[in-house]
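In the working numbering, the protein residues as written are 27 to 335. Here's the structure we're looking at; comments come further down.
Set out below in structure tokens:
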């Protein structure tokens with residue numbers, strides 16, 4: 027098995043782990059009445075989600091070791107391809123026609139990226155650039171978090187926090203790729219600080235993503251993280267790590283088009299992915315706003331904003 031094929035296989039298993047973790051996180055957020063950020067820490071299922079996320083992250087690191095960042099990160103879109111059908115299965119609701127189209131578009135777009143991805147490069151993030159880049163990323167994530175905290179509408183708040191989480195996760199992968207290259211070539215001088223940055227970014231992404239689900243459901247936050255994460259990482263891979271695509275400029279343009287197709291598929295799968303007859307009870311979509319009676323039904327799939335998947 028080639029290194030690229032092994033990387034793709036690891037991405038597939040990692041996406042399943044991340045999808046399962048996202049479903050558990052959202053369910054914990056939907057049932058947590060405490061309202062504090064520390065509430066999930068007392069939840070056993072939440073720690074199960076942490077374990078699944080850790081397993082997915084470990085597999086993701088291995089995938090980065092054998093594959094290019096500009097492919098491995100977009101493969102993360104498979105998380106939502108798996109998450110929405112899995113959520114529908116848990117709630118006994120079928121995936122609708124739009125959901126199937128979204129899955130096909132997302133998978134087709136990723137297949138296009140796979141076909142156009144060039145061979146892995148051995149370039150690494152310059153040691154001198156790492157502190158500046160880490161500081162800029164953390165500052166940007168903090169600004170997005172503050173903006174989310176000020177938002178009144180739960181979906182807007184969830185999207186802002188999920189954007190911050192996507193940025194944190196994407197840049198954590200950039201630093202992970204850099205650390206893997208350092209280890210492979212015996213450059214251990216900056217390894218400890220780089221691992222520290224990875225730990226901070228990954229932890230921030232986990233906590234921000236958990237916060238993004240509160241009141242906003244699964245769909246909008248998960249779609250945002252799924253799109254922002256690979257975009258940030260792929261741009262960094264091309265701009266900083268020197269990665270590229272086959273066939274030069276034409277290949278790069280086609281790869282961008284494939285990424286757009288995959289993104290459209292993610293949006294379709296997220297917001298139209300679960301078909302729910304009217305009046306059939308709770309579904310994996312956005313819960314009613316906090317403060318409403320606990321018996322209020324969830325918003326039906328495809329109706330209203332920010333449907334939960």
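Each residue gets a CB set at the ideal place from its N, CA and C atoms; glycine is no exception.
What does DSSP give as the partner residue(s) for residue i in the beta ladder?
i	result
residue 271	143
Under a three-way DSSP split, which group does residue i fall into?
i	result
residue 27	coil
residue 214	coil
residue 178	coil
residue 94	coil
residue 241	coil
residue 152	coil
residue 51	helix
residue 266	coil
residue 236	helix
residue 33	helix
residue 40	helix
Does the distance from the CB of residue i to the CB of residue j come in under 8 Å?
i	j	result
residue 95	residue 29	no
residue 203	residue 267	yes
residue 128	residue 287	no
residue 85	residue 39	yes
residue 248	residue 114	no
residue 188	residue 108	no
residue 216	residue 163	no
residue 277	residue 142	yes
residue 102	residue 256	yes
residue 195	residue 251	yes
residue 228	residue 75	no
residue 294	residue 131	yes
residue 55	residue 240	yes
residue 190	residue 234	yes
Just checking my contact of residue i with residue j at CB under 8 Å: how many whole Å lie between their CB atoms?
i	j	result
residue 37	residue 104	7 Å
residue 183	residue 192	Their Cβ separation, rounded to whole angstroms, is 15 Å, which puts residue 183 and residue 192 out of contact at 8 Å.
residue 99	residue 265	Between residue 265 and residue 99 the Cβ distance is about 13 Å, and since that is not below 8 Å, they are no contact.
residue 262	residue 271	Their Cβ separation, rounded to whole angstroms, is 15 Å, which puts residue 262 and residue 271 out of contact at 8 Å.
residue 110	residue 125	6 Å
So, is the C-beta of residue i closer than 8 Å to a C-beta in chain C?
i	result
residue 114	Included in the structure is just one protein chain, with no chain C present.
Taking only runs of the beta strand (DSSP E) that begin and end inside the region 119-144, which ones reach a length of at least 3 residues, in chain order? You should have found no qualifying run.
Which complete beta strand (DSSP E) runs does the region 182-232 hold, if anything under 3 residues is left out? Unbroken beta strand (DSSP E) runs of no fewer than 3 residues, entirely contained in the region 182-232, are not found.
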